[in-house]
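Heads up, the thing below is written out as structure tokens.
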Amino acid sequence: MSEPKKQEFLFQLKSGTQSKSYSLAYEETEAANVNFELLSSVGADGKKDELVISKDNLPTHLKPGVDVTVIDSVNSGVGREKREFYTSVLEPILNELDIKHTLLKTTSALSITNFAKSLDLSKDHTVVLLSGDTSVVEFINGLPTDANVSTKPNINLVLIPLGTGNALVSSSGITSEANAVQKMFSNEKAELPLYEADFPSESFAVHLENAPPIGKLLFTIVLSWGSHAQMVYHAESPELKGLGIERFKIAAYKIFQQKLEYNCDIIIVDENGKEEKMSHSTTHNYSSILAVPRLEKKYHISPDSKISKSELHILDFGDLPKDEFMGLLMEPYKGAGHVNHKGVIYEPIQPKKQIILELGEEDEERSIVCVDGISIKVKNGKGKRITVRFVNSEDLSFKLNLVGLQ
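Numbering (my numbering), first residue to last: 20 to 425.
Following this line, the structure appears as structure tokens:
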């Protein structure tokens, strides 16, 4: 006999003197929550702190005049055979509230980027992403950055976590799919800081078919190289892609059978253009440039990062013994002890500075860089540079907001 579904309260919907309570039911599995079901009952459930919504008090990003699009990234996470969220949950809610919207189901790796390119920046948009983190980077890199607009439109992102890591969602304080639906109706939103990685010519995304060469790439979460980038690279391979969180365990096992030392220089450039190496050593096990505190719900990798603050943190594990290195990788599941280890560099980088990664590997397979889940290979990488900069929001032709972020 199967276990009863878990239920989470969503909101109370008021219409005149009538009210109806909505909840989300689902089955819990080790990999993900599945078999979602929207439940409703007449009347309020009596909770003092419950969310109450109506057609008359919708937040500005869901009111008439704002184009609302729901993007279902059908290959996110462990797949959608048992995780159909739009038809089961979101569509009935939006229809009940008379929120006109368009549904886009992805058909290729370029679906989201091409959609973003087509946005009319003469009006505000709200985009609800049923996806993981990579869909966000695909979206922001399609947005027109040089559009000639008299008034910047608001582009509001609503994130429903159906991916594997869900770093943005976890870092913004969203705790579950139900909580994400509640946040969709929040009046709170904050501008999402953007960062730019400038790659050398002949760099390309490894697992994206027919994708153009990578030049400049916007990101919001992390740029990494060394062991983390290698793990993502192997986990995104076609043979592992559909295995959910399990694929990262398999990929980690694979990279720990290989040489764990990666050669590169980490260089900080101040506002006057002066370059300074961050470490005397060119050998690194794990290196990341982080914009968020969590890479997954329970993995608190950068405790000083705040998603709404335009600030980056460099986290670098030097040349450490294998057992010690593996222990440090597990530490973020327990606390923040890893950032105080004597063999670890953990430093904040402020907006007027730049970060340069100068690759030192001859082998292209070891010159993989990961940007928000996208694996990028730098051809003939030794001696080539990747430059990371802060993006000034004043230079953009839009205002990118994350709904529910304070």
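Backbone N, C-alpha and C fix where the C-beta goes; we use that ideal spot for every residue, glycine too.
Counting only residues of its own chain and dropping the five nearest sequence neighbours on each side, N282 has a CB closer than 7 Å to the CB of T301, T302, G379 and E380. Here H144 is bridged, per DSSP, to D86 and I174. Residue V363 holds the alpha-carbon nearest to the alpha-carbon of F344 among G261, A355 and V363. Counted as a single uninterrupted DSSP element, the alpha helix (DSSP H) harbouring V188 occupies residues A186 to S190. Look at V200 here: in three-state DSSP terms it is helix. Cβ-Cβ distances below 8 Å link L149 to V89, I90, D91, S92, S95, F104, Y105, L109, I179 and L181 in the same chain, with the five nearest sequence neighbours on each side left out; the list follows chain order. When C-alpha distances from P322 are compared across A50, L116 and E366, the shortest belongs to E366. For V311, same chain residues with a beta-carbon under 6 Å away, outside a window of 5 residues either side, are A186, S190, I240, S324 and I326 in chain order.
Judged by DSSP secondary structure, L348 falls outside any beta strand (DSSP E) and instead within the alpha helix (DSSP H) spanning K341 to M349. The C-beta of V407 has 16 or more other C-beta atoms within 10 Å across all chains shown, which makes the residue buried. Between I320 and L339, the C-beta gap is not smaller than 8 Å, which leaves the two residues out of contact. Look at I240 here: in three-state DSSP terms it is coil, with no helix or strand label. Membership of E100 in any alpha helix (DSSP H) is not indicated, and neither H nor E is assigned to it by DSSP. When DSSP states are grouped into helix, strand and coil, N52 belongs to the strand group.
Closest by C-alpha distance to G400, out of D284, D391, H357 and M297, is D284.
Straight through space, the alpha carbons of V87 and K124 are spaced by roughly 14 Å.
Residue nearest to F417 within the set A254, E280, T145 and A51 is T145 (criterion: CA-CA distance). Taking C-alpha positions only, E377 is separated from E315 by approximately 28 Å.
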